[in-house]
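Participant:
Chains as they are written, first to last, in my numbering: chain P, 317 to 611; chain Y, 827 to 1080; chain B, 501 to 827.
(1) Pull up the distance between the alpha-carbon of residue 1038 (chain Y) and that of residue 846 (chain Y), whole angstroms please.
(2) Below 7 Å between beta carbons: does that hold for residue 850 (chain Y) and residue 834 (chain Y)?
(3) So, helix, strand or coil for residue 735 (chain B), using DSSP?
(4) According to DSSP, what are the bridge partners of residue 888 (chain Y)?
(5) In whole angstroms, give me the CA-to-CA distance for residue 817 (chain B) and residue 603 (chain B).
(6) Taking only the alpha-carbon atoms, compute the straight-line gap between residue 705 (chain B) and residue 533 (chain B) and give it to the nearest angstrom.
(7) In the segment 387-418 of chain P, which residues sit with their C-beta less than 9 Å from some C-beta in chain B, listed in chain order?
(8) Looking only at its own chain, which residues have a Cβ that is under 6 Å from the Cβ of residue 340 (chain P), when we skip the five neighbours before and after it?
(9) Compute the distance between the beta-carbons of residue 584 (chain P) and residue 541 (chain P), then report whether it is under 7 Å.
(10) Cβ closer than 7 Å: which chain B residues qualify as neighbours of residue 422 (chain P)?
(11) Report the neighbours of residue 512 (chain P) on chain B: residues whose CB is nearer than 8 Å to its CB, in chain order.
(12) Please list the terminal residues of the continuous alpha helix (DSSP H) segment that includes residue 1054 (chain Y).
(13) Does the Cβ-Cβ distance between residue 1062 (chain Y) and residue 870 (chain Y) come in under 7 Å?
(14) Would you mind telling me which residues of chain P sit closer than 9 Å to residue 746 (chain B), beta carbon to beta carbon, in chain order?
(15) Just grab the DSSP bridge partners of residue 576 (chain B) for me.
(16) Note down, in chain order, every chain P residue with its Cβ under 8 Å from the Cβ of residue 620 (chain B).
(17) Among B:663, B:793, B:691, which residue has its Cα nearest to the Cα of residue 722 (chain B)?
(18) Here's a check: name, in chain order, each residue in its chain whose Cβ is nearer than 7 Å to the Cβ of residue 1064 (chain Y), leaving out the five neighbours to either side.
(19) Could you tell me which residues DSSP puts in a beta bridge with residue 454 (chain P)?
(20) Within the same chain, show all residues whose beta-carbon is closer than 8 Å to that of residue 796 (chain B), passing over the 5 residues directly before and after it, in chain order.
(21) Between the alpha carbons of residue 826 (chain B) and residue 678 (chain B), how many angstroms are there, rounded?
(22) Interface residues of chain B around residue 937 (chain Y) at Cβ under 8 Å?
(23) Starting from residue 954 (chain Y), find everything on chain B with Cβ-Cβ shorter than 9 Å and list it in chain order.
(24) Kindly list, in the order they appear in chain B, the residues whose Cβ is closer than 8 Å to that of residue 839 (chain Y).
(25) Does the beta carbon of residue 834 (chain B) come closer than 7 Å to any beta carbon on chain Y?
(26) Using a Cβ distance threshold of 8 Å, determine whether the segment 895-904 of chain Y contacts the segment 874-884 of chain Y, with at least three qualifying pairs required.
(27) Does the segment 371-384 of chain P come into contact with the segment 532-546 of chain P, if we say contact requires no fewer than three beta-carbon pairs (one atom in each stretch) closer than 8 Å?
(28) What are the boundary residues of the alpha helix (DSSP H) that residue 875 (chain Y) is part of?
(29) Below 6 Å CB to CB, which residues in the same chain sit around residue 336 (chain P) once its five sequence neighbours on both sides are set aside?
(30) List the endpoints of the continuous beta strand (DSSP E) containing residue 529 (chain B).
(31) Express the C-alpha separation of residue 992 (chain Y) and residue 1035 (chain Y) in angstroms, rounding to a whole number.
(32) With respect to the alpha helix (DSSP H) encompassing residue 942 (chain Y), which residues constitute its N-terminal and C-terminal limits?
(33) Taking Cβ to Cβ, would you say residue 1052 (chain Y) is nearer than 7 Å to residue 865 (chain Y)?
(34) Under three-state DSSP, which class holds residue 1061 (chain Y)?
(35) Using 10 angstroms around the beta-carbon of residue 719 (chain B), count the other beta-carbons present and answer buried if the total reaches 16, otherwise exposed.
(36) Please check if any C-beta of chain Y sits within less than 7 Å of the C-beta of residue 707 (chain B).
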């Protein structure tokens, strides 16, 4: 079995999880300019919720729903009760970074405090494996890929064909202008957090589904690849984030076939740094201007 | 007045992506004048200002300052040569006091060099005291001496304008580029700033002013350069320009 | 005073000194110059590592059970000087690549990622850094020369630390109280305006970054030789955050604030929680400590964002009789 082809298969799965997560991330970052470094930890939290659901006998579908719902709720709540108050108070960009890191610390360690530092897996029946063109997939992994496709189509439809979607794009481009055109930017921001949170939660469950076991740091470890995918594609451009996810996911897994696997994550790190230093606007955006945070 | 212009711009051009913001712009700024640069929105005035002050690299063309070729110099190098600009949006150092804002602008200070700083206060104290005296004179001149220790961020909009002007003057500039100095300023303060600028011109300071308020331009500037759609349309006194068909069209259309 | 009490207090004082130095350095980078150096701990670790390998001797000695680069047996204070130089040089290299016109949040991300890359590389490059085991049995400065009792040596080390802390304080005070410090603050507030006034923004940021990095390196060396060990696990990203929290709590932009922050957060808080008996399961108290650090930071950012000692502006003496009249 060709190692590269196998790795390509792994790359597709990673790219799928990344795609769901980074589209969520980019939607929220694009609209509000708040770099939510607690995003990965919300993912972990939703993975734990999914775990509890499956432990109580729930099916995969129920776990996914629970994960998406709690992600939406948590993200919305985080913005409503923590981030927005700080922004309204006049906290600016670098203050908000400290705020989000603090939240991340509280969440990650809070989860560890509740669930202990042991490892967990979703209590689901063992999936069957399939071989396909030299790559191995389990049925659960097919679900993940399908989820990613469905999520992408949903986001595409939302942004292109609904009034809400257009309002989101306008707010992301220029909140002042959008407001003066009569767009209820407050509601748009709420929706952005809800949607981003739902995607975050779904990605968290998918992540838990894909690994043999996860712990309280699982989501946090995924944060940088998520940001890398979002930035690579251009912040605020969901299609860009999808492309970015594929690039990051594939390069990380394919590189593991060449360099020692423990350096796999460094690949995503390096891509992010290089993009930020050479072309911070990513592939699809025009200019990475200094914008202020919006709440 | 010497024959050679203080600032000379030739064939300046700048494109962003496919868009030509500036096309073959040439003009001179004579020493001791207040030269105006006007035009409708999108004419390319801000781009020209940014290029001349070193904040934007031109696609082609040249800028000569005091006879020297300076195209491609970065903003801080130009400032050290005496070419200083102010900004349209207030750009004070908000967490510094008013007098600290001015002191930062004082040029050639020993106290700015790490070596002298580590050696101790005695190395730079005298120079700083001179700078403080000069800063106080400027604050008095602009009639805001009592604001000396206030945080710059706490000043009113008009006071910030005065601060910005005073700060630019601390650098002892040879050419001052003013980016819409009257934008958002109330009429009474506009007159006061005009008086300050005229006094500065009488003292020999050269200025290039981008401005929308045509009344201000009329009272202060001679000559005036008109731009539209990235090119220079014409230049002359306001009276001459008002009689110029092309210029009128550009303003009505743009 | 009993011997164990003396050990405890001298330990605390050395940690306090190290943390004060680190916070003064970070305050220079972040509070004064506005650089969000989320990778701060990497520079402290680099200094610690340098001091370690320059005193451990060649790696093949003692049966070669630890592998690392650049072994040597240098006399004190050379390893500490080298640590400061390495901290500064590493900052220079990183700064050249990274300190450019970038949005604040992107800048922060770049630093965060550098911190994570450093951790991964160090933990995995076993040949260079002895992997996750780190280095042990680092000799202590002048130990064989002075032949003091264990308690006596502790107090000697406290004295050394204190001397270095004073040195760092003087350097940092000179910078921040001078026109250079004022210019750094101006660059922080509005770098475009600073450039328009003739300031070389990149060079100025590099100065702050390198100075802070050298101080970080020195503080790392002092710590490493005190505990005689260096382990990658002690230099992870959250440690940078503890220092940030300390600087913010104490008052960013104020040197006294940095000192107070160091005393309050890494020292007082973490010390106080050491005495809580381990309840729940092992590791619960540690997790809760981090939760409290996070909440504390949020609390300070909300209730007193400028910290215990807010940044101050300078007032200049007036010659007598020249008070301006108030309108």
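C-beta atoms are modelled at their ideal positions from N, C-alpha and C, and glycine is treated no differently.
Facilitator: So, from the data block:
(1) Taking the second chain and counting its residues from 1, one reaches residue 1038 (chain Y) at position 212. Taking the second chain and counting its residues from 1, one reaches residue 846 (chain Y) at position 20. For residue 1038 (chain Y) and residue 846 (chain Y), the distance between alpha carbons rounds to 22 Å.
(2) Residue mapping note: residue 850 (chain Y) aligns to position 24 of the second chain, counting from 1. Residue mapping note: residue 834 (chain Y) aligns to position 8 of the second chain, counting from 1. Contact flag unset, no.
(3) For this step, residue 735 (chain B) is matched to residue 235 along the third chain. Here residue 735 (chain B) sits in coil by DSSP.
(4) Along the second chain, one-based indexing puts residue 888 (chain Y) at 62. Bridge partners of residue 888 (chain Y): Y:836.
(5) Working through the third chain from its first residue, we reach residue 817 (chain B) at position 317. Working through the third chain from its first residue, we reach residue 603 (chain B) at position 103. Their Cα atoms are separated by approximately 38 Å.
(6) Your numbering for residue 705 (chain B) matches position 205 in the third chain. Your numbering for residue 533 (chain B) matches position 33 in the third chain. Approximately 7 Å, taken between the alpha carbons.
(7) 398, 401, 402, 405, 406, 407, 408, 409, 410, 411, 412, 413, 414, 415, 417, 418
(8) Sequence index remark: in the first chain, residue 340 (chain P) carries index 24 (1-based). Here the set comprises 512, 515, 516.
(9) Numbered from 1 along the first chain, position 268 holds the residue referred to as residue 584 (chain P). Numbered from 1 along the first chain, position 225 holds the residue referred to as residue 541 (chain P). Cβ atoms of residue 584 (chain P) and residue 541 (chain P): closer than 7 Å.
(10) Within the first chain, the letter at position 106 stands for residue 422 (chain P). Here the neighbours are 791, 794, 795.
(11) Counted from its first residue, the first chain places residue 512 (chain P) at position 196. Under the 8 Å cutoff, chain B gives no residues; its nearest Cβ is about 17 Å from residue 512 (chain P).
(12) Position 228 of the second chain holds residue 1054 (chain Y). Here residue 1054 (chain Y) belongs to no alpha helix (DSSP H); instead the beta strand (DSSP E) covers 1050-1054.
(13) For the purposes of this step, residue 1062 (chain Y) is taken as residue 236 along the second chain, with counting starting at 1. For the purposes of this step, residue 870 (chain Y) is taken as residue 44 along the second chain, with counting starting at 1. Not a contact, by the Cβ cut-off of 7 Å.
(14) Along the third chain, one-based indexing puts residue 746 (chain B) at 246. Ordered by position in chain P, no residue passes the 9 Å Cβ test against residue 746 (chain B), which lies about 12 Å from the chain.
(15) Residue 576 (chain B) sits at position 76 when you count from the first residue of the third chain. Paired residues: none, contrary to the question.
(16) As a first step, residue 620 (chain B) is located in the third chain; it is residue number 120 there, counting from the start. Going along chain P in sequence order, the residues near residue 620 (chain B) (Cβ under 8 Å) are 578, 579, 581, 582, 585.
(17) Residue 722 (chain B) sits at position 222 when you count from the first residue of the third chain. Ranking the options by Cα distance to residue 722 (chain B), first place goes to B:663.
(18) Numbered from 1 along the second chain, position 238 holds the residue referred to as residue 1064 (chain Y). So the qualifying residues of the chain are 1043, 1044, 1050.
(19) Counting from 1 along the first chain, the entry for residue 454 (chain P) is found at position 138. Note: residue 454 (chain P) sits in a beta bridge opposite P:445.
(20) As a first step, residue 796 (chain B) must be located in the third chain, where it is residue number 296. Contacts found: 745, 749, 765, 769.
(21) In the third chain, residue 826 (chain B) corresponds to position 326, counting from 1. In the third chain, residue 678 (chain B) corresponds to position 178, counting from 1. Its pLDDT being 49, under 50, residue 826 (chain B) is placed unreliably by the model, and nothing is read from it.
(22) Position 111 of the second chain, counting from 1, holds the residue named residue 937 (chain Y). Neighbours of residue 937 (chain Y) on chain B, chain order: 678, 679, 680.
(23) For the purposes of this step, residue 954 (chain Y) is taken as residue 128 along the second chain, with counting starting at 1. 678, 679, 816, listed in chain order.
(24) Translated into the one-based positions of the second chain, residue 839 (chain Y) becomes position 13. None at all; the shortest Cβ gap to chain B is about 23 Å.
(25) Past the boundaries of the shown model lies residue 834 (chain B); chain B is included only from 501 to 827, so the question cannot be answered.
(26) yes
(27) no
(28) Residue numbering aside, residue 875 (chain Y) sits at position 49 when the second chain is read from its first letter. First-last of the alpha helix (DSSP H) with residue 875 (chain Y): 871-878.
(29) For the purposes of this step, residue 336 (chain P) is taken as residue 20 along the first chain, with counting starting at 1. These residues qualify, in order along the chain: 464, 467, 515, 518, 519.
(30) As a working note, residue 529 (chain B) is residue 29 in the third chain. Where residue 529 (chain B) is concerned, there is no enclosing beta strand (DSSP E), given that its DSSP letter is neither H nor E.
(31) Mapped onto the second chain, residue 1035 (chain Y) falls at position 209. Mapped onto the second chain, residue 992 (chain Y) falls at position 166. Going from the Cα of residue 1035 (chain Y) to the Cα of residue 992 (chain Y) covers about 16 Å.
(32) As a first step, residue 942 (chain Y) must be located in the second chain, where it is residue number 116. Segment 940-945, the alpha helix (DSSP H) holding residue 942 (chain Y).
(33) Along the second chain, one-based indexing puts residue 1052 (chain Y) at 226. Along the second chain, one-based indexing puts residue 865 (chain Y) at 39. Yes, the Cβ-Cβ distance between residue 1052 (chain Y) and residue 865 (chain Y) is below 7 Å.
(34) In the second chain, the residue the question calls residue 1061 (chain Y) occupies position 235. The answer is strand: DSSP assigns residue 1061 (chain Y) an E or B state.
(35) What you label residue 719 (chain B) is simply residue 219 of the third chain in a count that begins at 1. Buried, because 16 or more other Cβ atoms sit within 10 Å of the Cβ of residue 719 (chain B).
(36) As a position in the third chain, residue 707 (chain B) is number 207, starting the count at 1. Yes, because at least one Cβ of chain Y sits closer than 7 Å to the Cβ of residue 707 (chain B).
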